[in-house]
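So the sequence shown is residues 704 to 876, counted in the working numbering. The structure appears right after this line, and notes come after that.
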Amino acid sequence: MTDEPDLDNLREFAAWKQRNPAFTLLDFVHQALPADLAVAICELFWPRVEVHRGGIFLADGFSAENFESWSDKLGGDIAKIEATMNHRHVGDLFAASQDLNIANLTRIGEVLRQTWTCRLRAAFPDARIVMQGQVEEDTDDYVITFFQQPAGDPSVRSASASARTRSLRSGRS
(Lines of atoms letter the chains of each structure in order from A and count residues from 1; the text may use other names and numbers.)
(Lines give C-alpha, C1' and ligand atoms only; values in the text may rest on other atoms or scores of the structure.)
Protein backbone atom coordinates (compact mmCIF):
# COMPACT_ATOMS: atom_id res chain seq x y z
CA MET A 1 0.00 0.00 0.00
CA THR A 2 1.21 3.45 -0.77
CA ASP A 3 1.23 5.83 2.17
CA GLU A 4 0.26 8.69 -0.12
CA PRO A 5 -3.20 9.19 -1.61
CA ASP A 6 -3.57 10.37 -5.21
CA LEU A 7 -4.28 14.03 -4.42
CA ASP A 8 -4.79 14.86 -8.10
CA ASN A 9 -7.94 12.71 -7.96
CA LEU A 10 -9.44 14.69 -5.06
CA ARG A 11 -11.20 17.61 -6.77
CA GLU A 12 -12.72 19.27 -3.71
CA PHE A 13 -9.45 19.08 -1.79
CA ALA A 14 -7.57 20.44 -4.84
CA ALA A 15 -9.88 23.47 -4.93
CA TRP A 16 -9.16 24.16 -1.25
CA LYS A 17 -5.43 23.66 -1.74
CA GLN A 18 -5.36 25.99 -4.73
CA ARG A 19 -6.50 28.80 -2.43
CA ASN A 20 -3.87 27.85 0.18
CA PRO A 21 -0.89 25.81 -1.07
CA ALA A 22 0.16 24.93 2.50
CA PHE A 23 -3.22 23.26 3.08
CA THR A 24 -2.97 19.57 4.12
CA LEU A 25 -5.47 16.74 4.08
CA LEU A 26 -5.85 17.08 7.83
CA ASP A 27 -6.56 20.81 7.41
CA PHE A 28 -9.24 19.79 4.92
CA VAL A 29 -10.76 17.39 7.46
CA HIS A 30 -10.76 20.13 10.14
CA GLN A 31 -12.51 22.57 7.79
CA ALA A 32 -14.88 20.38 5.80
CA LEU A 33 -15.90 17.34 7.87
CA PRO A 34 -19.15 17.89 9.79
CA ALA A 35 -19.19 16.52 13.34
CA ASP A 36 -22.10 14.18 12.55
CA LEU A 37 -20.17 12.65 9.66
CA ALA A 38 -17.03 12.32 11.81
CA VAL A 39 -18.99 10.22 14.31
CA ALA A 40 -20.68 8.19 11.57
CA ILE A 41 -17.40 7.46 9.79
CA CYS A 42 -16.13 5.76 12.94
CA GLU A 43 -18.56 2.95 12.05
CA LEU A 44 -16.74 2.47 8.75
CA PHE A 45 -13.24 2.30 10.20
CA TRP A 46 -14.11 0.60 13.53
CA PRO A 47 -17.28 -1.33 12.70
CA ARG A 48 -19.65 -2.97 15.14
CA VAL A 49 -19.61 -6.73 14.85
CA GLU A 50 -22.09 -9.40 15.76
CA VAL A 51 -21.46 -13.01 16.76
CA HIS A 52 -24.01 -15.46 15.42
CA ARG A 53 -23.72 -19.25 15.66
CA GLY A 54 -19.99 -18.96 16.21
CA GLY A 55 -19.46 -16.66 13.24
CA ILE A 56 -18.22 -13.07 13.39
CA PHE A 57 -20.10 -10.66 11.14
CA LEU A 58 -20.20 -6.96 10.38
CA ALA A 59 -23.30 -5.75 12.23
CA ASP A 60 -24.28 -3.35 9.46
CA GLY A 61 -26.43 -5.34 7.09
CA PHE A 62 -26.45 -8.52 9.18
CA SER A 63 -29.69 -10.41 9.64
CA ALA A 64 -30.45 -13.91 10.85
CA GLU A 65 -32.53 -14.46 7.70
CA ASN A 66 -29.59 -13.59 5.45
CA PHE A 67 -27.36 -15.86 7.54
CA GLU A 68 -29.80 -18.76 7.11
CA SER A 69 -29.98 -18.19 3.37
CA TRP A 70 -26.18 -18.27 2.99
CA SER A 71 -25.95 -21.19 5.40
CA ASP A 72 -28.27 -23.21 3.15
CA LYS A 73 -26.31 -22.23 0.01
CA LEU A 74 -22.90 -22.90 1.58
CA GLY A 75 -23.69 -26.10 3.45
CA GLY A 76 -23.44 -24.49 6.89
CA ASP A 77 -19.70 -23.77 6.50
CA ILE A 78 -19.24 -20.86 8.94
CA ALA A 79 -15.96 -19.63 7.38
CA LYS A 80 -17.56 -19.47 3.93
CA ILE A 81 -20.66 -17.78 5.33
CA GLU A 82 -18.49 -15.20 7.13
CA ALA A 83 -16.39 -14.56 4.01
CA THR A 84 -19.52 -14.05 1.92
CA MET A 85 -21.51 -11.93 4.37
CA ASN A 86 -18.50 -9.76 5.34
CA HIS A 87 -17.56 -9.20 1.67
CA ARG A 88 -17.54 -5.48 0.85
CA HIS A 89 -16.69 -3.53 -2.29
CA VAL A 90 -15.05 -0.25 -1.23
CA GLY A 91 -16.68 1.56 -4.13
CA ASP A 92 -20.11 0.60 -2.78
CA LEU A 93 -19.36 2.30 0.55
CA PHE A 94 -19.38 5.82 -0.93
CA ALA A 95 -22.13 7.59 -2.86
CA ALA A 96 -19.58 9.38 -5.06
CA SER A 97 -17.14 6.50 -5.49
CA GLN A 98 -17.17 7.01 -9.27
CA ASP A 99 -15.09 10.11 -8.52
CA LEU A 100 -12.34 7.97 -6.94
CA ASN A 101 -9.67 6.33 -9.05
CA ILE A 102 -8.40 2.83 -8.33
CA ALA A 103 -5.36 4.21 -6.47
CA ASN A 104 -7.58 5.98 -3.93
CA LEU A 105 -10.08 3.10 -3.72
CA THR A 106 -7.12 0.82 -2.99
CA ARG A 107 -5.77 3.20 -0.36
CA ILE A 108 -9.14 3.29 1.39
CA GLY A 109 -9.44 -0.50 1.11
CA GLU A 110 -6.00 -1.08 2.57
CA VAL A 111 -6.69 1.29 5.46
CA LEU A 112 -10.01 -0.48 6.10
CA ARG A 113 -8.25 -3.85 5.97
CA GLN A 114 -5.74 -2.66 8.56
CA THR A 115 -8.26 -0.99 10.89
CA TRP A 116 -10.69 -3.91 10.67
CA THR A 117 -7.81 -6.25 11.52
CA CYS A 118 -7.09 -4.17 14.64
CA ARG A 119 -10.80 -4.04 15.49
CA LEU A 120 -11.22 -7.80 15.24
CA ARG A 121 -8.02 -8.55 17.17
CA ALA A 122 -9.16 -6.21 19.95
CA ALA A 123 -12.60 -7.80 20.18
CA PHE A 124 -11.56 -11.42 19.56
CA PRO A 125 -7.92 -11.85 20.65
CA ASP A 126 -8.09 -15.66 20.55
CA ALA A 127 -9.87 -15.96 17.19
CA ARG A 128 -7.87 -16.89 14.11
CA ILE A 129 -9.20 -14.19 11.83
CA VAL A 130 -8.21 -14.16 8.16
CA MET A 131 -8.51 -10.67 6.68
CA GLN A 132 -8.31 -10.44 2.91
CA GLY A 133 -8.37 -7.62 0.41
CA GLN A 134 -7.54 -7.12 -3.24
CA VAL A 135 -8.28 -5.10 -6.32
CA GLU A 136 -10.97 -6.84 -8.33
CA GLU A 137 -9.82 -6.41 -11.91
CA ASP A 138 -13.21 -6.80 -13.64
CA THR A 139 -14.82 -4.02 -11.58
CA ASP A 140 -11.80 -1.79 -10.85
CA ASP A 141 -12.77 -1.86 -7.20
CA TYR A 142 -11.09 -2.94 -3.99
CA VAL A 143 -12.81 -5.85 -2.23
CA ILE A 144 -12.36 -6.74 1.44
CA THR A 145 -13.63 -9.63 3.55
CA PHE A 146 -12.79 -11.61 6.66
CA PHE A 147 -13.55 -14.97 8.20
CA GLN A 148 -12.28 -17.24 10.95
CA GLN A 149 -9.73 -19.84 10.00
CA PRO A 150 -11.33 -23.24 10.54
CA ALA A 151 -9.64 -25.29 13.25
CA GLY A 152 -7.03 -27.60 11.80
CA ASP A 153 -6.97 -25.85 8.41
CA PRO A 154 -3.31 -25.12 7.65
CA SER A 155 -4.12 -23.84 4.15
CA VAL A 156 -5.07 -20.40 5.45
CA ARG A 157 -2.65 -18.32 7.47
CA SER A 158 -3.46 -17.21 11.01
CA ALA A 159 -4.38 -13.66 12.04
CA SER A 160 -0.86 -12.29 12.39
CA ALA A 161 0.16 -13.35 8.89
CA SER A 162 -3.26 -12.92 7.33
CA ALA A 163 -3.27 -9.16 7.79
CA ARG A 164 -1.07 -9.08 4.72
CA THR A 165 -3.13 -11.55 2.69
CA ARG A 166 -4.26 -10.05 -0.60
CA SER A 167 -6.14 -12.79 -2.43
CA LEU A 168 -9.81 -13.50 -1.93
CA ARG A 169 -11.00 -17.04 -1.39
CA SER A 170 -14.70 -16.24 -1.72
CA GLY A 171 -16.80 -15.23 -4.68
CA ARG A 172 -18.97 -12.16 -4.93
CA SER A 173 -21.94 -12.05 -2.62
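Cβ atoms here follow ideal geometry from the backbone N, Cα and C, with glycine treated the same way. Since we're looking at a predicted model, the values are computed, not measured.
- For GLU785, the enclosing alpha helix (DSSP H) stretches over residues 781 to 788.
- When secondary structure is reduced to three states using DSSP, PHE731 falls in the helix class.
- Residue state for ARG714 is assigned as helix, using DSSP reduced to three classes.
- Under the 10 Å beta carbon count, THR820 is surrounded by 16 or more other beta carbons and is classified as buried.
- For PHE748, same chain residues with a beta-carbon under 6 Å away, outside a window of 5 residues either side, are THR818 in chain order.
- Pairing GLU840 with VAL846 gives a Cβ-Cβ distance that is not under 7 Å.
- In terms of CA proximity to GLY812, PHE849 leads the group THR787, GLU785, PHE849 and SER772.
- Taking a contact as a CB-CB distance under 8 Å, the pair GLU785 and ASP763 does not count as one, their CB atoms being some 15 Å apart.
- One Cα belongs to PHE731, the other to ASP709, and the distance between them is close to 15 Å.
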